[in-house]
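Enquirer: Throughout the sequence shown, residue numbering follows our numbering, covering 1 to 244 in sequence.
We put the CB at the ideal spot given by N, CA and C, even for glycine.
Values in this document were obtained by computation on a predicted structure and should not be read as measured data.
The structure under discussion is supplied below as structure tokens; questions concerning it will follow.
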Amino acid sequence: MARTAAALIIGNEVLTAKVKERNGAFLIERLRARGIPLVGVYVVPDDVDAIVETLSLARRRAQLVFTSGGIGPTHDDVTVRAVALALQRPVVHMPEIVKSLTKAFAPATVPPEAMRLAEAPAGSRLIEGPRLKYPVLACDELYLLPGVPELFEAQLETVLDGLEGQPVVTRLVFLDAHEHEIARVLDAAALAEPEVEIGSYPTFDPAAGYRVKVTVEHVERARVDAMVERLVRELPKAAVLRVE
Numbered sequence: 001m002a003r004t005a006a007a008l009i010i011g012n013e014v015l016t017a018k019v020k021e022r023n024g025a026f027l028i029e030r031l032r033a034r035g036i037p038l039v040g041v042y043v044v045p046d047d048v049d050a051i052v053e054t055l056s057l058a059r060r061r062a063q064l065v066f067t068s069g070g071i072g073p074t075h076d077d078v079t080v081r082a083v084a085l086a087l088q089r090p091v092v093h094m095p096e097i098v099k100s101l102t103k104a105f106a107p108a109t110v111p112p113e114a115m116r117l118a119e120a121p122a123g124s125r126l127i128e129g130p131r132l133k134y135p136v137l138a139c140d141e142l143y144l145l146p147g148v149p150e151l152f153e154a155q156l157e158t159v160l161d162g163l164e165g166q167p168v169v170t171r172l173v174f175l176d177a178h179e180h181e182i183a184r185v186l187d188a189a190a191l192a193e194p195e196v197e198i199g200s201y202p203t204f205d206p207a208a209g210y211r212v213k214v215t216v217e218h219v220e221r222a223r224v225d226a227m228v229e230r231l232v233r234e235l236p237k238a239a240v241l242r243v244e
């Protein structure tokens with residue numbers, strides 16, 4: 001079975017609307033394309049206890065966990081410390097990062113504040129990539145990504161390059177009908193094939209050209225096609241506008 005993923009978006013600036021959060025949406029899109037099921041995205045403040053609690057929940061629900069934000073050198077960057085607490089590991093300095101910082105600040109001594117960039121939970125590793133300005137910090141199946149969208153996106157793509165998934169096949173059925181008029185057919189189809197995901201999404205925009213969009217999804221195209229055929233056969237004929 002495909003491994004599942006969960007994500008923590010960390011930062012007071014997100015919860016107070018100081019920044020427009022985009023990492024969560026990008027993560028959802030890219031995991032979907034890779035075929036890695038996402039079980040939850042949690043938004044938490046720069047608070048160690050909140051991160052530890054939510055991270056523990058995420059790790060119970062998913063095999064892969066991604067974090068966004070809180071890994072810089074300032075007082076509010078507490079993600080590394082929180083992850084270490086959640087994993088019950090000490091915080092150590094990554095020798096590779098210490099070496100890079102020493103070279104960058106030479107001949108001066110690396111300031112203590114900058115040295116915080118080398119901190120990581122014990123047992124962490126660095127993932128390098130050609131598109132990266134900074135390596136990805138990973139600990140087991142937990143990936144600590146930066147909050148800056150440009151850095152987050154490049155690091156996420158690098159991580160995904162090394163992960164396998166099962167891309168989902170999706171087909172769409174557009175209907176000129178209200179949801180209550182098609183609910184019985186959808187209920188029966190979902191009960192008969194519970195592993196094939198069926199979604200129903202109404203719109204109230206006259207310009208859309210339909211009333212309800214039904215999605216059919218599964219990793220096997222044959223099962224998706226069979227379900228679409230069933231729905232087209234059982235739904236009111238006049239209601240079916242088009243199938244994609």
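With DSSP as the reference, please indicate the residues paired to Val-91 in a beta bridge.
Expert: Val-91 pairs with Pro-121.
Enquirer: According to DSSP, which residues form a beta bridge with Thr-67?
Expert: Leu-8 and Leu-144
Enquirer: Are three or more beta carbon pairs between the stretch 152 to 160 and the stretch 128 to 141 nearer than 8 Å?
Expert: They touch, by the three-pair rule.
Enquirer: Can you list, in chain order, the residues of its chain with a C-beta nearer than 7 Å to that of Met-94? Leave out the 5 residues immediately preceding and following it.
Expert: Ala-118, Ala-120, Ser-124 and Leu-126
Enquirer: I'd like the span of the beta strand (DSSP E) that includes Glu-217, first residue to last.
Expert: 212 to 218
Enquirer: Please list, in chain order, all residues of the same chain as Arg-34 whose beta carbon is under 8 Å from its beta carbon, the five residues on each side excluded.
Expert: Leu-160, Leu-163, Gly-165 and Pro-167
Enquirer: Is any non-hydrogen atom of the ligand NAD found closer than 8 Å to the C-beta of Glu-141, if you look at the structure I gave you?
Expert: Ligands displayed in this structure: none; no statement on the ligand NAD is therefore possible.
Enquirer: So what does DSSP say about Glu-102, is it helix, strand or coil?
Expert: According to the sequence displayed, residue 102 carries Thr and not Glu. Correct three-state label for Thr-102: helix.
Enquirer: Please list the segments of the alpha helix (DSSP H) lying wholly inside the stretch 125 to 210, counting only runs of 4 or more residues, in order along the chain.
Expert: Complete alpha helix (DSSP H) runs here, min 4: 149 to 161 and 179 to 192.
Enquirer: When the distance is taken between beta carbons, is Ala-82 closer than 9 Å to Ile-51?
Expert: yes
Enquirer: Helix, strand or coil for Arg-242 per DSSP?
Expert: strand
Enquirer: With a 10 Å radius around its C-beta and 16 neighbouring C-beta atoms as the bar for buried, classify His-187 as buried or exposed.
Expert: The sequence given here places Asp at residue 187; His does not occur at that position. Exposed, since its Cβ has fewer than 16 Cβ neighbours within 10 Å.
Enquirer: Among Glu-29, Ala-208 and Val-224, which one has its Cα closest to the Cα of Pro-194?
Expert: Val-224
Enquirer: Which residue comes first and which comes last in the alpha helix (DSSP H) that contains Leu-55?
Expert: DSSP places Leu-55 in the uninterrupted alpha helix (DSSP H) bounded by 48 to 61.
Enquirer: Suppose the cutoff is 8 Å on Cβ atoms and the five residues either side in sequence are ignored; what does the same chain contact list for Leu-85 look like?
Expert: Val-48 and Val-52
Enquirer: Please name the residue in Pro-37, Ile-9, Ile-10 and Val-148 whose C-alpha comes closest to that of Glu-197.
Expert: Pro-37
Enquirer: Please determine, among Gly-24, Ala-189, Ala-122 and Ser-200, the residue with the shortest C-alpha to C-alpha distance to Val-91.
Expert: Ala-122
Enquirer: Let me know if Pro-206 comes out buried or exposed under the rule of 16 or more other beta-carbons within 10 Å of its beta-carbon.
Expert: exposed
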